[in-house]
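A short worksheet on the structure shown next.
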Amino acid sequence: MCGIIGYCGPKPAAPILVEGLKRLEYRGYDSAGIGVLENDVLHLVKRAGKINDLRNALPDGLGGSFGIGHTRWATHGGVTDRNAHPHADGRGNLCIAHNGIIENYTALKRNLETKGYEFRSETDSEVIAHLIADLYDGDLERAVKSAVRLLKGTYGIVAMHRSEPGVLVGARNGSPLVLGVGHGEMLLASDVTAMLEHTKQVIYIEDGEVVRMTADDHRTTDTRDNRIDRSVETIGWDLEEIEKNGFDHYMEKEIFEQPESIRRAMQGRLDPDTATSHLGGLNMTNRELLDIERVKVIAAGTSYHAGLVASYLLESLARLPAGAELASELRYRNPIVERNNLYFAVSQSGETADTLYAMREIQRKGGRVLGICNVVGATIPRESDGGVYIHSGPEIAVASTKAFTSQLTAFYLFALLIARKRDMSYSAGLSFMRELERIPEKVQVVLDRAAAIREIAKKYAGAQSFLFLGRGINYAVALEGALKLKEISYIHAEGYSAAEIKHGPIALINEETPSLFIVPDDALRDKIISNMKEVKARNGKVIALGVDGDNELADIADDVMFVPSTNELLSPFLTVIPMQLLSYYTALERGCNVDQPRNLAKSVTVE
Ligand code: M6R
Numbered sequence: 001m002c003g004i005i006g007y008c009g010p011k012p013a014a015p016i017l018v019e020g021l022k023r024l025e026y027r028g029y030d031s032a033g034i035g036v037l038e039n040d041v042l043h044l045v046k047r048a049g050k051i052n053d054l055r056n057a058l059p060d061g062l063g064g065s066f067g068i069g070h071t072r073w074a075t076h077g078g079v080t081d082r083n084a085h086p087h088a089d090g091r092g093n094l095c096i097a098h099n100g101i102i103e104n105y106t107a108l109k110r111n112l113e114t115k116g117y118e119f120r121s122e123t124d125s126e127v128i129a130h131l132i133a134d135l136y137d138g139d140l141e142r143a144v145k146s147a148v149r150l151l152k153g154t155y156g157i158v159a160m161h162r163s164e165p166g167v168l169v170g171a172r173n174g175s176p177l178v179l180g181v182g183h184g185e186m187l188l189a190s191d192v193t194a195m196l197e198h199t200k201q202v203i204y205i206e207d208g209e210v211v212r213m214t215a216d217d218h219r220t221t222d223t224r225d226n227r228i229d230r231s232v233e234t235i236g237w238d239l240e241e242i243e244k245n246g247f248d249h250y251m252e253k254e255i256f257e258q259p260e261s262i263r264r265a266m267q268g269r270l271d272p273d274t275a276t277s278h279l280g281g282l283n284m285t286n287r288e289l290l291d292i293e294r295v296k297v298i299a300a301g302t303s304y305h306a307g308l309v310a311s312y313l314l315e316s317l318a319r320l321p322a323g324a325e326l327a328s329e330l331r332y333r334n335p336i337v338e339r340n341n342l343y344f345a346v347s348q349s350g351e352t353a354d355t356l357y358a359m360r361e362i363q364r365k366g367g368r369v370l371g372i373c374n375v376v377g378a379t380i381p382r383e384s385d386g387g388v389y390i391h392s393g394p395e396i397a398v399a400s401t402k403a404f405t406s407q408l409t410a411f412y413l414f415a416l417l418i419a420r421k422r423d424m425s426y427s428a429g430l431s432f433m434r435e436l437e438r439i440p441e442k443v444q445v446v447l448d449r450a451a452a453i454r455e456i457a458k459k460y461a462g463a464q465s466f467l468f469l470g471r472g473i474n475y476a477v478a479l480e481g482a483l484k485l486k487e488i489s490y491i492h493a494e495g496y497s498a499a500e501i502k503h504g505p506i507a508l509i510n511e512e513t514p515s516l517f518i519v520p521d522d523a524l525r526d527k528i529i530s531n532m533k534e535v536k537a538r539n540g541k542v543i544a545l546g547v548d549g550d551n552e553l554a555d556i557a558d559d560v561m562f563v564p565s566t567n568e569l570l571s572p573f574l575t576v577i578p579m580q581l582l583s584y585y586t587a588l589e590r591g592c593n594v595d596q597p598r599n600l601a602k603s604v605t606v607e
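Residue numbers (the working numbering): 1 to 607.
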């Protein structure tokens with residue numbers, strides 16, 4: 001969603017801010033702006049549209065070596081230049097950029113208007129600029145602290161004032177802020193990718209904290225002025241990882257990285273001597289692991305689908321009752337948290353508001369929540385009771401791909417760990433482990449068949465509607481296939497259990513609506529084949545995704561894709577790859593913006 005960047009240092013600020021915003025583009029945005037101070041004048045340049053529109057609008061030779069920038073994803077007020085950030089006070093003395101939502105802005109605005117402050121935008125954020133101006137008495141840090149005490153809602157804020165050149169002040173409550181500590185320069189951003197070109201040394205700002213920074217100094221305090229000392233951490237990502245490296249799109253790059261990212265998620269975590277896994281970050285004793293009576297996964301979107309696969313897996317492999325629930329639903333239904341329940345909050349970004357708030361609700365009730373996250377240092381992993389980093393490397397495309405297979409990897413490691421504590425023998429554990437280790441090379445085999453999948457995508461790219469059908473552990477993959485297709489190609493798509501189509505969706509079948517059936521070589525194969533025939537009998541087009549050697553599929557389906565055979569429980573690793581490729585190629589055929597689909601944000605930091 002929205003992105004923030006701030007810079008103080010010796011270099012011209014504007015190009016650094018614009019480049020930082022470019023790095024934040026992937027989060028999703030609809031307008032952008034920067035504010036820099038040059039010769040005692042606060043220059044604000046804001047544009048609805050793309051960063052390039054902003055770049056083109058910058059005055060030639062704009063100087064100034066400190067400033068702030070923002071990408072906006074509209075919540076309050078339309079997508080206009082005026083509503084873009086930064087927002088200034090009426091006198092052009094200060095400006096702010098804000099991520100989050102100010103829930104009490106109407107009351108604050110009314111109060112400020114009675115004092116004569118004039119509002120120029122329809123946003124909730126503008127109220128922060130006027131509020132700080134109202135409270136300003138020569139010390140920006142103090143004014144920001146007084147202002148945030150009056151705010152209700154979520155915020156990551158960065159502010160600057162004309163009377164304090166070279167000073168930026170940031171404040172955080174619920175929207176991430178990271179301080180980048182460089183050599184003679186400092187950055188403040190909502191996401192480390194915006195600062196990776198300048199520094200890898202960061203300090204994560206926590207909720208309730210305010211940071212004051214200059215080019216060579218920084219100080220973090222709470223809103224009551226208590227000093228907070230936190231150590232500098234080193235970001236584990238390289239600049240190269242956030243480049244496209246010869247691929248046309250981030251999504252394509254991330255799909256093709258999966259053999260490596262899955263391998264990385266497993267690395268050092270499998271032990272053939274004991275046929276089990278080691279997950280050091282769980283922070284649980286052997287006894288506590290043995291005492292788990294039920295697992296519940298909470299997540300959103302693709303991460304939720306990983307949770308659905310996990311719950312099927314944990315029940316089958318480890319004989320441990322498990323389920324997955326949308327975090328947004330769980331939070332508001334007064335969930336029952338029982339002793340010996342273990343919760344997993346799964347989130348690529350680690351910042352998804354629905355998942356974070358659901359996790360806090362579980363913890364408030366005394367439940368133990370482990371995080372499965374990609375972004376190191378994000379809020380969910382920091383607030384969880386332990387967990388597993390999936391080490392996928394940065395996932396930039398809005399459509400999640402490699403994070404999904406790495407989340408699966410974390411769950412398969414956990415399932416093996418629990419299974420081996422319960423009733424799985426050493427030899428069964430070892431053979432499962434060996435097959436898990438073969439997954440990256442089998443994923444590569446599927447990726448090598450991308451050209452054939454592209455042909456199928458071309459054939460069906462004109463469809464208005466699509467059904468994805470799977471059963472058992474691949475039911476979740478059908479849901480994921482539908483999500484992938486709809487979010488990047490804008491084709492209406494639904495995922496269903498193949499068995500369920502008779503209960504409703506079969507009414508949608510006609511010659512124009514393709515159905516993609518996932519047909520692994522398992523106990524339900526013949527039943528799925530019957531479902532395929534039911535669709536064919538109604539003139540529906542059928543695409544079958546089967547296992548190498550299943551030649552019968554070609555006799556029934558209009559088109560067939562194949563994946564190598566594997567253990568039935570491991571099949572989602574392979575069956576999801578054609579879904580990702582099909583969506584990607586379909587979106588290309590339709591001329592869609594693959595990496596930044598309309599209306600979507602990479603990290604959904606508001607409810
Ligand atoms: O960062 P998270 O994993 O918590 O994100 C959850 C969803 O917002 C995310 O998976 C979303 O559904 C993706 N766009 C799916 O491709």
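Heads up, the beta-carbon is just placed ideally off N, CA and C, and yes, glycines get one too.
Measuring alpha carbon to alpha carbon, tell me which residue in the options is nearest residue i.
| i | options | result |
| --- | --- | --- |
| proline 514 | Val477, Gln464, Glu435 and Asn551 | Gln464 |
| histidine 391 | Glu164, Tyr357, Gln407 and Gly495 | Gln407 |
| aspartate 222 | Asp521, Glu209, Ala322 and Ala215 | Glu209 |
| valine 192 | Glu395, Tyr304, Ala452 and Gln580 | Glu395 |
| asparagine 341 | Arg294, Val309 and Val369 | Arg294 |
| asparagine 93 | Gly35, Lys145 and Ile102 | Gly35 |
| threonine 605 | Val148, Gly116 and Asn173 | Asn173 |
| asparagine 334 | Asp291, Ala322, Gly367 and Ser311 | Gly367 |
| lysine 109 | Asp137, Ala147 and Arg142 | Ala147 |
| glycine 669 | Ile372, Gln363 and Leu313 | Past the boundaries of the shown model lies residue 669; the chain is included only from 1 to 607, so the question cannot be answered. |
| isoleucine 501 | Ala171, Asn83, Met532 and Asp81 | Met532 |
| aspartate 225 | Arg149, His249, Phe247 and Leu279 | Arg149 |
| methionine 579 | Ala452, Leu289, Gly504 and Ile132 | Ala452 |
| aspartate 448 | Gly246, Leu168 and Phe256 | Phe256 |
| alanine 461 | Ile491, Met433, Tyr343 and Arg339 | Ile491 |
| alanine 403 | Gly236, Ala107, Glu254 and Gly63 | Glu254 |
| arginine 525 | Ala107, Leu413, Leu545 and Phe66 | Leu545 |
| leucine 37 | Leu569, Gly20 and Gly64 | Gly64 |
| threonine 352 | Ser303, Arg263 and Ala397 | Ser303 |
| serine 125 | Tyr155, Lys145 and Asp134 | Tyr155 |
Take residue i and list the residues in its own chain whose beta-carbon comes closer than 8 Å to its own, dropping the five residues that flank it on each side.
| i | result |
| --- | --- |
| valine 181 | Thr199, Gln201, Val202, Ile203, His218 and Val232 |
| lysine 459 | Asp559 |
| aspartate 548 | Phe562, Val563, Pro564 and Ser565 |
| isoleucine 242 | Arg23, Thr193, Leu196, Pro394 and Ile396 |
Please report whether the beta-carbon of residue i lies at a distance below 9 Å from any beta-carbon of chain C.
| i | result |
| --- | --- |
| glutamate 338 | Structure shown: chain C not included; a single protein chain is present. |
Can you give me the C-alpha to C-alpha distance between residue i and residue j, rounded to a whole angstrom?
| i | j | result |
| --- | --- | --- |
| glutamate 455 | phenylalanine 562 | 14 Å |
| lysine 50 | leucine 177 | 23 Å |
| histidine 43 | alanine 410 | 48 Å |
| methionine 105 | lysine 527 | Residue identity check: residue 105 is tyrosine in the sequence provided, not methionine. Distance between the alpha carbons of tyrosine 105 and lysine 527: 56 Å. |
| glutamate 552 | isoleucine 529 | 9 Å |
| isoleucine 543 | glycine 350 | 35 Å |
| leucine 188 | alanine 159 | 11 Å |
| tyrosine 136 | alanine 129 | 10 Å |
| valine 388 | leucine 112 | 47 Å |
| arginine 72 | serine 311 | 37 Å |
| asparagine 30 | leucine 326 | Note on residue identity: the sequence assigns aspartate, not asparagine, to residue 30. Going from the Cα of aspartate 30 to the Cα of leucine 326 covers about 27 Å. |
| isoleucine 16 | tyrosine 7 | 8 Å |
Excluding the 5 residues preceding and the 5 following residue i in the sequence, name in chain order all residues of the same chain whose CB lies nearer than 6 Å to its CB.
| i | result |
| --- | --- |
| tyrosine 585 | Arg454 and Ala457 |
| glycine 637 | There is simply no residue 637 to check, as the chain begins at 1 and stops at 607 in what is shown. |
| leucine 417 | Thr276 and Ser277 |
Looking only at DSSP bridge pairs, what is residue i linked to?
| i | result |
| --- | --- |
| phenylalanine 468 | Gly495 and Leu516 |
| lysine 200 | Paired residue(s): none; lysine 200 is not in a bridge. |
| tyrosine 155 | Asn173 and Gly174 |
| histidine 43 | Val36 |
| aspartate 222 | Glu209 |
Starting from the C-beta of residue i, find all residues in its chain whose C-beta is less than 7 Å away, skip the five residues before and the five after it, and write them out in chain order.
| i | result |
| --- | --- |
| aspartate 40 | Arg162 |
| lysine 365 | Val337 |
| aspartate 53 | Arg47 |
| asparagine 283 | Asp385 and Gly386 |
| leucine 131 | Leu108, Leu112, Ala147 and Leu150 |
Item to check | Cβ pair count under 8 Å reaching 3, the segment 353-362 against the segment 555-564 | outcome: Counting Cβ pairs under 8 Å, fewer than three are found: no touch.
Checklist entry - Are the segment 458-473 and the segment 500-518 touching, with three or more C-beta to C-beta distances below 8 Å? => result By the criterion of at least three beta-carbon pairs nearer than 8 Å, the segment 458-473 is in contact with the segment 500-518.
Item to check | contact_flag[the segment 479-491, the segment 432-447] where n(CB pairs < 8 Å) is 3 or more | outcome: Touching, no, given that fewer than three Cβ pairs across the two stretches are closer than 8 Å.
Item to check | the segment 595-606 touching the segment 487-504, judged by at least three CB pairs closer than 8 Å | outcome: yes
Checklist entry - Are there three or more Cβ pairs, one per stretch, closer than 8 Å when the segment 118-137 is compared with the segment 74-90? => result The answer is yes - the segment 74-90 touches the segment 118-137, with three or more Cβ pairs under 8 Å.
Item to check | Stretch-stretch touch, CB-based, cutoff 8 Å, three pairs: the segment 129-144 with the segment 569-576 | outcome: no
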